[in-house]
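Below is one structure; the comments refer to it alone.
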Amino acid sequence: MTRYFLDTTVQIERHAGAAAQRQAVDSRLVGAQHATSLQVLREWKRIVDGTSVDVLNLVRDGVDDFRELFARLSQGWGREAGQRLRVLAMLAGQSPAVEIPVLAARAELFLRSESIALFMAGLDEVRDGGQCGLAREVPKLQPRGRLELTTSCKKTDCDCVQPAFLEDRKVSIAATADVLADDNSYEALAKNIRTVMGKPDHNDRKGKACWGGHGLGGDLSIALECRADETLLTTDRSFEVMAPALSLTVDRIAPTPGP
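If you count the sequence shown from 1, position 155 lands on 147 in the working numbering, and the numbers rise without skipping.
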């Protein structure tokens, strides 16, 4: 039976995707235990826990109408807005008629236990080669009564071991940059990887260079922790491009389609 290594997109699809996507993931995972990484958990927390925090802060700010809540959460760049709305659907139980106090209670439950329970469903291992501190963050109540979840770090403040983790895999990373550079869609990522890995100070591989959009890229950190006896399950084509350099087996399912 295939043992899978789940990336962030699949974690979102299996809990907040369209019916066909949920079925595609569930049919692969049934009957066995699988793996993921704290890099995936870091991204999951930013999306799922971060949206739950946003919901609670909006309710505490006096938002008591679902339409306004929906409108406020739908603001953002790139994937951010769509990801928030998927989490909102999870919190609402797929019902737009849910009352705001019920929604807030569900958001609190997600932050206490439901989010991590959903993330860990069917998994028996979460690897942590870089010892990511962001993946261990929990929401904190600020003096003015708002919740805050830390989703970014500075290289000067981070205590992770990501630089050493990457150094041990620099040959594979260089090969990955080469195959990415041959694909027009990932030339910029290849350039970023080479720039970051080429800096003499290995601490420059931490902080924004790790989690930011113009650094190493989250997909690379995730792919580096998939074992040779596992199949990386994703909706993201970048893993298929990286696969030859990292000797990965990749199973890519179609993401939830747009309208």
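From the three backbone atoms N, C-alpha and C, an ideal C-beta is built for every residue, glycine too.
Just so we're clear, the structure is a prediction, and the values are computed from it rather than from any experiment.
message: Starting from Asp243, trace the beta strand (DSSP E) in both directions and tell me its first and last residue.
response: 241 to 244
query: How many Å lie between Gly125 and Pro236 at the Cα?
result: 30 Å
- request: Give the straight-line distance between the Cα atoms of Ala97 and Thr43, rounded to the nearest whole angstrom.
  value: 14 Å
Reduced DSSP category for Glu117 - H, G, I as helix; E, B as strand; rest coil: strand
query: Between the beta-carbon of Phe62 and the beta-carbon of Thr28, is there less than 8 Å?
result: no
query: What first and last residue would you give for the alpha helix (DSSP H) that runs through His7?
result: 0 to 8
task: Tell me whether Leu141 sits in a helix, a strand or coil according to DSSP, three-state version.
output: coil
task: Might you give, ordered along the chain, the residues of its own chain that have their beta carbon closer than 7 Å to the beta carbon of Glu159, omitting 5 neighbours on each side?
output: His194
Straight-line gap, Asp175 to Arg71 (C-alpha atoms, nearest Å): 22 Å
Cut-off 8 Å between Cβ atoms - residues of its own chain near Ala73, not counting five sequence neighbours on either side: Leu65, Ser66, Gln67
task: Report the partner residues of Ala27 according to the DSSP bridge assignment.
output: Phe(-3), Glu117
query: What residue range is occupied by the uninterrupted beta strand (DSSP E) comprising Leu224?
result: 223 to 226
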